[in-house]
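One structure below.
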Amino acid sequence: MVRKAIDALNRAPKKWFLVDGIGAALSALLAAAVLVNFEVFLGLPSSALLKLAIAACLIVIYDIHHLLRKDLSPRLLRQRLRVLVSMNAAYVVLSLAFAYNHRQTLTAAGWGYILLEGLVVMSLAVMECQSVKHISSR
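Going by the numbering used here, the first residue of the sequence shown is number 16, and it counts up by one from there.
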């Protein structure tokens with residue numbers, strides 16, 4: 016089932032911006048509206064969570080912009096997806112940097128959140144990167 020979904024996205028690679036945008040919006044909402052209320056439980060200050068939410072919102076804006084563009088040639092689409100992969104990787108690095116900076120107060124739940132979200136985001140980035148290769152081989 017997952018393989019079929021990935022194959023469908025590879026046949027219409029512009030939809031990666033939709034999938035990524037939904038994920039980034041969920042990350043932003045979770046960080047800004049939910050997790051800030053669990054600062055003590057996570058051990059991650061709300062200021063760090065809000066910065067992660069802002070970073071996720073920037074990715075959402077990028078995704079929406081490219082999803083709505085009508086003039087994405089295959090070459091430009093490959094280039095924009097590569098930028099998206101880099102943005103996702105940067106988001107994970109930023110998350111890990113916040114975790115490291117707050118390692119004295121970060122709880123197991125906080126580490127779990129950071130590591131699980133990082134795994135999900137990097138898995139998505141790998142699939143997007145594979146889609147770039149698929150576009151390149153056309």
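Ideal placement from N, C-alpha and C gives every residue a C-beta, glycine not left out.
Just so it is clear, the structure is predicted and the values come from calculations on it, not from any experiment.
Give me the Cα-Cα distance between Arg118 and Asn25, rounded to the nearest whole angstrom.
-> 39 Å
Does DSSP classify Val135 as helix, strand or coil?
-> helix
Looking at the C-beta of Val108, does it have a partner C-beta in chain D at a distance below 8 Å?
-> The chain labelled as chain D is not found in the depicted structure, where only one protein chain is given.
Segment contact, 8 Å Cβ cut-off, at least three pairs: the region 90 to 103 with the region 55 to 66 = Segment contact: the region 90 to 103 against the region 55 to 66, fewer than three CB-CB distances shorter than 8 Å; contact not assigned.
Can you tell me which of Lys66, Phe32 and Lys19 puts its alpha carbon nearest to the alpha carbon of Cys144?
-> Phe32
Straight-line Cα distance separating Leu121 from Gln94 | 37 Å
Close-in-space but distant-in-sequence residues of the same chain around Ser42 (CB under 7 Å, 5 per side omitted) | Ala71 and Glu132
Per-residue DSSP class, three states only, for Ala27 | coil
So what's Gly125 in DSSP terms, helix, strand or just coil?
-> helix
Range covered by the alpha helix (DSSP H) that runs through Arg90 | Residue range Pro89 to Asn116 is occupied by the alpha helix (DSSP H) that includes Arg90.
Range covered by the alpha helix (DSSP H) that runs through Phe53 | From DSSP, Phe53 is part of no alpha helix (DSSP H); its letter is neither H nor E.
Taking the Cβ atom as the reference point for each residue, do Ala140 and Asn116 lie within a distance shorter than 8 Å?
-> No. Outside cutoff.
Around the C-beta of His80, are 16 or more other C-beta atoms found within 10 angstroms, so that it is buried, or is it exposed?
-> exposed
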